[in-house]
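All remarks here apply to the structure that follows.
Protein chains: 2
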Amino acid sequence: MRQLVVGRQSGGHALLVVHGGAGPIRAELVDSIALAERRAGLRQALAAGWRVLKGGGAALDAVQEAVRALEEHPRYNAGRGSVLDALGVVEMDASLMCGRDRRAGALCGARRLRNPILGARRLLEDGRVFVQARAVESWLEEQGLELKEPGWFITEERVRQLEAARGTGRSLLDHAGEALDGGGDDGGTVGAAARDSHGHLAAGTSTGGMTNKAPGRIGDSPVIGAGTWADDTSVALSATGEGEAFIRSVFAHEVEARVRLAGEDLAQAVGAALARVVDCQGEGGCVALGQKEGVLAWNTQGMYRGWVDASTGRWGLAIFDEEELEGGTVDQLDEP
Amino acid sequence: MRQLVVGRQSGGHALLVVHGGAGPIRAELVDSIALAERRAGLRQALAAGWRVLKGGGAALDAVQEAVRALEEHPRYNAGRGSVLDALGVVEMDASLMCGRDRRAGALCGARRLRNPILGARRLLEDGRVFVQARAVESWLEEQGLELKEPGWFITEERVRQLEAARGTGRSLLDHAGEALDGGGDDGGTVGAAARDSHGHLAAGTSTGGMTNKAPGRIGDSPVIGAGTWADDTSVALSATGEGEAFIRSVFAHEVEARVRLAGEDLAQAVGAALARVVDCQGEGGCVALGQKEGVLAWNTQGMYRGWVDASTGRWGLAIFDEEELEGGTVDQLDEP
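Protein sequences, first through last, are from chains A and B. With our numbering applied, the first sequence corresponds to residues 1 to 336, in that order. With our numbering applied, the second sequence corresponds to residues 1001 to 1336, in that order.
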């Protein structure tokens, strides 16, 4: 397992961590254009979240905007550009949680909702917590959210990946494409966790799931406690990886419980919880933060990840094992 | 909160605890015929689970059979006799977890599956963990499970309850009917936890959700870590109550984490976790057991509940605040 700790001195300051999926990403196999576009996507997500936080905005809004930026990016497996299931259909899951009061909203199986994270937000506000999305997409449209035709979500890259996956007869982790065709790394599940200048925490996750997944499959992303958790008194976290193993480990809540009940520090808790995922033959990673530092961790070959630390005024992003692939001052985040 | 501790001396022996929902059950308002039938249902569930355990069978099978018996009972809110959503449709959720290896199977939104708990079992065996049931009901039929037409699940009692709920414009907890019409207590979510003579644990939960619920709503019952959990090293648990609050408290895993990480005893852990549900304005209860005792707990006016303890050779059941409404030796469980 690899871990990066950020914002050690950031207590009381805003902190944002984002991910775009963990998986067997290998530099030599990932298309360089895709990689550059995905780096730009991470930077856009950091900028979107930071725009909220720098003005004293809420962690919940920052997480929502960071996740929405990655949903809008066609190279990530959320919103448009989501992977296809075994029937060639996009079905998306998302969740969002507010650390102030543990309000949460989550949905599974969305087919028309342009931004599933906005649907999760609406459900959170409405106290509905968890729904099968197809039953509420029309209602969400009445609430002002945008729907698109199912075909709008499908990109050529995802069609090729489904064909490759069908050739093997296996369902695939959302980021394992390159293991098949030598070049198709496809970006993964997206998520974010934030602390605002008032000390409130939030986290959210959005995904299209796994390429060639069985129809109806629900991963950990919309499961509060597995893929997403936020509580001001302890931890906000968004996970990515093999959802079945993360559900069976109640991963996000395991991390939180270790911090709250066992007094472990965040890095230690994340490591121990990831070990329980491995017990279930799973792998993946997460971004997490508490009232002090943030932790970005993965036990795969890489994880698309980024962070903004208001205490130092700096941001960074990385994909493979490097500490920082790209970074700078927060002022630069608003530059095109 | 009320708690009953059973099987204090039962370590190494089989132990089974079942519930049929917690809620504002009041003796003076519950129809006496319904109450008698529901008592018979609890006894049937205990007998079904005990038949497995007494022969040295697996906890997983005992839980499945106890839950199935309550699904088959039209007076409980699971399988036939499930409550109706706002559109007058039955949509059922269920989950099952094996403590040996933390394998789990869960489904939401089943409309035709006669026994959702058997669907959860099949998913568990197949490593599929969590699915939207409508996508797999035909596949489950191919696997030998029985489907019924949606109308088969609907009882007259549930139609009346939906009409009463529509009159108030509110969605209702699955067992709160009597608060409206003075006599319609309708039996709740069902679940069980078991320890077999080999020391393995399992738990499962099945429900039709809430009367007049919004279409697509998913409660805690199919959420591993919220409504159901099992791990041989710590706790097996099935919950019942206001699902939104149980999800936001990751209730089942909270209990387990308190036992495993904080060294609390089971009764203490259940009490502390229920307090976190109350923080989310929720109420309900659970049945739980570890390698020693079992705990049945609720912070409502009552909970349909029963237990079988191989160490004493006795079973019991209760509904309101009494310690034991009915009980006897295990031999009697097989009597008609």
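The beta-carbon is built from N, C-alpha and C at its ideal position, and this holds for glycine as well. As the structure is a computational prediction, the values presented were derived from the model and not from experiment.
- Of all residues in the stretch 1113 to 1127 of chain B, only G1127 place a beta-carbon less than 7 Å from a beta-carbon of chain A.
- Contacts with chain A at 8 Å (Cβ-Cβ) include P1215(B).
- Against chain A, the beta carbon of A1226(B) has neighbours under 8 Å at I224, G225, listed in chain order.
- A straight line joining the alpha-carbon of A239(A) with that of D1031(B) spans about 48 Å.
- Secondary structure within the stretch 1006 to 1061 of chain B: the alpha helix (DSSP H) runs of 4 or more consecutive residues, fully enclosed, are 1032 to 1054 (chain order).
- Counting only Cβ-Cβ distances below 8 Å, E244(A) has contacts in chain B at G1127, R1128, V1129, F1130, in chain order.
- Excluding the 5 residues flanking it on each side, A1048(B) has same chain C-beta neighbours closer than 6 Å at E1065, A1066, A1069, in chain order.
- Here S1138(B) is exposed: its Cβ has fewer than 16 other Cβ atoms, across all protein chains shown, within 10 Å.
- I1154(B) is not bridged by DSSP to any residue.
- About 5 Å separates the beta carbon of S206(A) from that of P116(A), a gap short enough to meet the 8 Å contact definition.
- Interface flag for G1109(B) against chain A is set, since a Cβ pair is found closer than 8 Å.
- Taking a C-beta cut-off of 9 Å against chain A, the contacting residues of the stretch 1090 to 1104 of chain B are E1091, M1097, D1101, R1102, R1103, A1104, listed in chain order.
- Contact between L1162(B) and N1212(B) holds, since their C-beta atoms are separated by about 6 Å, short of 8 Å.
- Counting only Cβ-Cβ distances below 8 Å, R134(A) has contacts in chain B at G1216, in chain order.
- The residues A14, A310, V330, in chain order, have a CB closer than 8 Å to that of K54(A) in the same chain once the five nearest residues on each side in sequence are set aside.
- Straight through space, the alpha carbons of E324(A) and N1077(B) are spaced by roughly 54 Å.
- Between the C-alpha atoms of D334(A) and G284(A) there is a straight-line separation of about 30 Å.
- Note that the C-beta distance between L96(A) and G241(A) is not below 8 Å.
- The alpha-carbon separation between I1218(B) and L296(A) amounts to approximately 31 Å.
- With 16 or more other CB atoms across the displayed protein chains lying within 10 angstroms of its CB, M1210(B) is buried.
- For C280(A), the nearest beta carbon of chain B is closer than 8 Å to its own beta carbon.
- In the DSSP assignment, the residues bridged to R1002(B) are W1298(B).
- Out of E1071(B), Q1281(B), L1124(B), F1251(B), the CA that lies nearest to the CA of G1271(B) is found in F1251(B).
- Q1281(B) and A1245(B) have their C-alpha atoms spaced approximately 7 Å apart.
- Under the rule that a run must span 3 or more residues, the beta strand (DSSP E) segments found entirely inside the stretch 205 to 231 of chain A read 228 to 230.
- In terms of beta-carbon proximity, R1248(B) lines the interface with chain A, with at least one pair separated by less than 8 Å.
- Look at L1261(B): its C-beta is under 8 Å from a C-beta on chain A.
- In the displayed model, S138(A) falls within a helix according to three-state DSSP.
- In the DSSP annotation of this structure, G316(A) is not part of any alpha helix (DSSP H); the continuous beta strand (DSSP E) holding it starts and ends at 314 to 318.
- A Cβ-Cβ separation of about 7 Å places V1089(B) in contact with P1215(B) under the 8 Å criterion.
- Contacts between R1258(B) and chain A, judged by CB atoms closer than 7 Å, involve L261 in chain order.
- The beta carbon of H1253(B) sits closer than 8 Å to some beta carbon of chain A.
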